[in-house]
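Mapped onto UniProt numbering, the consecutive letters of the sequence shown carry residue numbers 1 to 465. Virtual Cβ for every residue (Gly too), placed ideally from N, Cα, C. These notes are about the structure you will find just below.
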Amino acid sequence: MAKGMSDAFLRHTSDKRVKVGRNVAMKKMIISLTAFIYVIIPVTNVDASVIYTVKENDSLWKISEKYDSSQDTLQDINGVQDPSQLLPGQSLVIPGEEYIIDPGDSLWKVANLHQTSIEQLKKVNNLSSEIVHPGQRLKIPQGSKRHINTGAFFIPSTPAENKSAINFYQEYLNRIGFFEYRPDQNGDLSSLRGEEAITQAWENGMTPYATITNLSAAGFNPELAHTLLADPDKQQTLIENAATLVDQKQYKGIIIDFENLQSGDRSHFNSFIKQLNQRLEKIGGEVGIALPPMQGEREPAHQAAYDYQTLGTHSDFLFLMTYDWHWPGGEAGSIAPISKVDETIQYAVSVIPSEKIYLGLAMYAYDWTTSTEQGEAQAYSQQRALNIAAEKSSKIHYNFERATPWFEYYDDTGHLHEVWFEDARSLIPKYNLVKKYDLKGIGGWKTGLRFPQAGYLLKEKFHLN
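See below:
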């Protein structure tokens with residue numbers, strides 16, 4: 001991870017795997033425990049917007065004229081690199097509360113795009129039927145805002161880069177997670193460069209946390225975690241070292257990101273978190289935990305080590321990694337299908353107070369090479385996904401059932417690729433789950449991954465603490 005942000009991101013994304021009948025690496029750390037916000041373009045006075053789907057032969061100028069908006073504004077909000085290269089099927093966020101009906105639109109489609117109901121659209125617009133006509137203007141109902149916590153997962157770099165990042169994100173973040181400290185088999189922690197940024201974070205109104213993982217050279221290491229958790233002496237050494245880290249470095253608390261734990265370590269992990277919480281409480285520190293998605297107490301079975309209820313009782317906040325339902329090494333598909341995200345939260349709030357829960361969102365795209373036997377995928381930012389689609393002149397598709405966009409392209413060697421990513425259409429239903437379940441916060445991995453739509457919509461839908 002010392003090689004820098006890009007290497008760290010690639011390492012995480014290449015480490016991710018799921019256990020299927022055997023113990024293999026299942027998760028990478030795409031999102032740290034504290035609520036992590038997307039890379040955003042600074043936008044002020046955000047009140048309302050509509051979602052527009054690009055058509056054949058559309059241009060940004062044409063769309064801006066139609067909606068009486070600035071072309072530069074649309075370019076910034078949506079991260080459009082080349083206004084002449086809009087992609088059919090691409091979503092655009094447009095400031096304003098009126099949507100203009102296009103040929104082929106239906107009231108159902110407009111309602112789905114904006115995550116409202118046909119009944120609400122009819123009521124707000126005084127419609128007596130569901131029939132709409134091209135050129136017709138519909139007012140889109142705007143939901144109420146609520147306050148949430150936000151943050152970013154942060155890999156320190158050079159002092160200059162750290163200062164620049166802290167200064168940029170201070171308007172949007174109230175939490176920042178420093179990644180990452182690694183314990184050895186005795187419970188002693190590694191060092192982390194760039195710790196001068198801890199003070200800068202405090203000075204800029206961001207509460208800093210230290211993340212402790214079970215990462216090793218091979219990825220998230222369940223054997224390392226077992227060695228530490230199953231031995232009371234080593235567990236106590238790790239706890240004391242964590243408390244010393246908080247006290248000496250002036251962190252607010254510790255984020256525990258132990259992934260791929262063996263099912264037999266369930267009671268050990270519960271005990272560790274309970275004792276860590278008791279120890280940090282004595283010095284005013286907090287404990288947070290990154291958790292894989294669960295739909296029941298031991299469902300799925302390969303994640304049985306994670307006892308949501310007990311862990312929720314003995315921690316200050318929990319971050320639900322509600323993604324990677326399709327992963328590198330598996331078949332291509334939606335990374336975070338909306339039904340699975342909803343199921344995870346629904347179970348979580350049944351055993352954990354909602355005010356302790358942060359919703360983790362996928363800040364990355366997966367690019368599968370589908371015409372090879374390996375089926376491996378690489379991960380990169382949402383912005384890069386759109387750039388590749390533009391380079392390959394791909395059409396953007398949208399899966400309404402999973403609420404996820406995707407596209408295909410052929411690389412220079414003739415191999416077919418399938419890319420699933422996130423956009424405004426897929427973000428809004430996930431943002432709405434935060435309101436539906438009254439969660440504490442929201443976010444995604446990491447500072448530096450470009451996704452302008454996310455920041456704009458975040459400020460539109462929420463008051464940021």
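With distances taken Cα to Cα, identify the nearest neighbour of residue i among the options.
{"i": "G219", "options": "R182, M294, Q248 and T244", "result": "R182"}
{"i": "V80", "options": "K109, L386 and G253", "result": "L386"}
{"i": "G205", "options": "I256, Y169, S64 and T447", "result": "Y169"}
{"i": "V351", "options": "Y437, G177, N112 and A389", "result": "Y437"}
{"i": "R193", "options": "S157, T413 and L320", "result": "S157"}
{"i": "P353", "options": "H133, I100 and T313", "result": "T313"}
{"i": "L92", "options": "L464, A454 and H463", "result": "A454"}
{"i": "F178", "options": "P103, K252, E130 and L138", "result": "K252"}
{"i": "E281", "options": "Q262, L359 and T244", "result": "T244"}
{"i": "A365", "options": "T344, A332 and S394", "result": "A332"}
{"i": "I396", "options": "A48, V50, D47 and V54", "result": "V54"}
{"i": "Q129", "options": "L359, W108, G143 and G135", "result": "The identity of residue 129 in the sequence shown is Ser, whereas the question assumes Gln. The candidate whose alpha carbon is nearest that of S129 is W108."}
{"i": "L433", "options": "T237, A48, L359 and S263", "result": "L359"}
{"i": "E391", "options": "G104, Q250, D412 and M363", "result": "D412"}
{"i": "N186", "options": "D231, E161, P222 and Y172", "result": "D231"}
{"i": "S334", "options": "Q250, Q142, L228 and V419", "result": "V419"}
What's the C-alpha gap between residue i and residue j?
{"i": "Y308", "j": "A348", "result": "7 Å"}
{"i": "W406", "j": "D316", "result": "36 Å"}
{"i": "S422", "j": "P88", "result": "For clarity, residue 422 is Glu in the given sequence; the question names Ser instead. So the two alpha carbons sit approximately 16 Å from each other."}
{"i": "D257", "j": "S216", "result": "13 Å"}
{"i": "S32", "j": "G444", "result": "Only weak support is given to the placement of S32: the predicted model assigns it a pLDDT of 36, under 50, and the question is left unresolved by the model."}
{"i": "Q382", "j": "E195", "result": "29 Å"}
{"i": "I338", "j": "E401", "result": "8 Å"}
{"i": "T13", "j": "I155", "result": "A caution first: T13 carries a pLDDT of 38, below 50, which makes its placement in the model too unreliable to give a value."}
{"i": "D342", "j": "N214", "result": "28 Å"}
{"i": "S164", "j": "A197", "result": "10 Å"}
{"i": "A389", "j": "I100", "result": "26 Å"}
{"i": "I166", "j": "A201", "result": "6 Å"}
{"i": "L121", "j": "D102", "result": "16 Å"}
{"i": "Q295", "j": "D72", "result": "44 Å"}
{"i": "R279", "j": "K145", "result": "37 Å"}
{"i": "A290", "j": "V132", "result": "46 Å"}
{"i": "V20", "j": "I118", "result": "Annotation note: pLDDT 35 at V20 (below 50); position unreliable, no value reported."}
{"i": "E65", "j": "Y52", "result": "13 Å"}
{"i": "R137", "j": "E98", "result": "6 Å"}
{"i": "K435", "j": "H326", "result": "26 Å"}
{"i": "G329", "j": "Q378", "result": "10 Å"}
{"i": "D367", "j": "Q115", "result": "27 Å"}
{"i": "D58", "j": "R298", "result": "50 Å"}
{"i": "T199", "j": "I176", "result": "12 Å"}
{"i": "Q90", "j": "Q346", "result": "31 Å"}
{"i": "N112", "j": "L427", "result": "12 Å"}
{"i": "L60", "j": "S84", "result": "7 Å"}
{"i": "F153", "j": "L173", "result": "10 Å"}
{"i": "D324", "j": "Y398", "result": "18 Å"}
{"i": "H463", "j": "N149", "result": "9 Å"}
{"i": "S49", "j": "S393", "result": "27 Å"}
Taking the continuous alpha helix (DSSP H) assigned at residue i, which residues delimit it?
{"i": "residue 466", "result": "Within the shown structure, residues of the chain are numbered from 1 to 465, placing residue 466 beyond reach of any answer."}
{"i": "T402", "result": "Note on residue identity: the sequence assigns Arg, not Thr, to residue 402. Taken as a continuous stretch (DSSP letters only), R402 belongs to no alpha helix (DSSP H), as it is neither H nor E."}
{"i": "P159", "result": "P159 to Y169"}
{"i": "A230", "result": "Counting along the chain, A230 falls outside any alpha helix (DSSP H), and DSSP gives it neither H nor E."}
{"i": "I77", "result": "Q71 to N78"}
{"i": "D307", "result": "Premise fails: D307 is in no alpha helix (DSSP H) and is neither H nor E."}
{"i": "W108", "result": "L107 to L113"}
{"i": "G455", "result": "P452 to K461"}
{"i": "W368", "result": "Counting along the chain, W368 falls outside any alpha helix (DSSP H), though it belongs to the beta strand (DSSP E) covering Y364 to T369."}
{"i": "S426", "result": "A424 to K436"}
{"i": "D342", "result": "I338 to V351"}
{"i": "residue 466", "result": "Outside the shown range of the chain, which is 1 to 465, sits residue 466, and nothing can be said about it."}
{"i": "I63", "result": "L60 to K66"}
Between which two residues does the beta strand (DSSP E) containing residue i stretch?
{"i": "F272", "result": "Unbroken run through F272 is the alpha helix (DSSP H), R266 to E281; no beta strand (DSSP E)."}
{"i": "residue 467", "result": "An answer regarding residue 467 cannot be provided, because it is not within the stretch 1 to 465 covered by the chain."}
{"i": "P95", "result": "S91 to P95"}
{"i": "L318", "result": "F317 to M321"}
{"i": "I378", "result": "Here the sequence assigns Gln to residue 378, which means Ile is not the residue at that position. Its beta strand (DSSP E) spans residues A377 to S381."}
{"i": "K139", "result": "R137 to K139"}
{"i": "S128", "result": "Careful: S128 lies outside any beta strand (DSSP E) and carries neither H nor E."}
{"i": "R298", "result": "R298 -> no beta strand (DSSP E), and no H or E assigned at all."}
{"i": "H417", "result": "L416 to W420"}
{"i": "I101", "result": "I101 -> no beta strand (DSSP E), and no H or E assigned at all."}
State the CB to CB distance for the pair residue i and residue j, rounded to an integer number of angstroms; the pair is presumed to be in contact (CB under 8 Å).
{"i": "A210", "j": "I255", "result": "7 Å"}
{"i": "G288", "j": "F269", "result": "With a Cβ gap of about 14 Å, G288 and F269 do not count as contacting."}
{"i": "H302", "j": "D265", "result": "That belief does not hold up - the Cβ atoms of H302 and D265 are roughly 13 Å apart, past 8 Å."}
{"i": "M321", "j": "P293", "result": "6 Å"}
{"i": "A403", "j": "L457", "result": "The Cβ separation is near 14 Å, so there is no contact."}
{"i": "L276", "j": "A242", "result": "6 Å"}
{"i": "I273", "j": "L311", "result": "6 Å"}
Step through the CB atoms of chain C and report whether any lies within less than 8 Å of the CB of residue i.
{"i": "G96", "result": "Of the protein chains in the structure, only one exists, and it is not chain C."}
- Item | Those runs of the alpha helix (DSSP H) which lie wholly inside the region 189 to 218 and span at least 4 residues | For the region 189 to 218, whole alpha helix (DSSP H) runs of length 4 or above, ordered along the chain, are 197 to 203.
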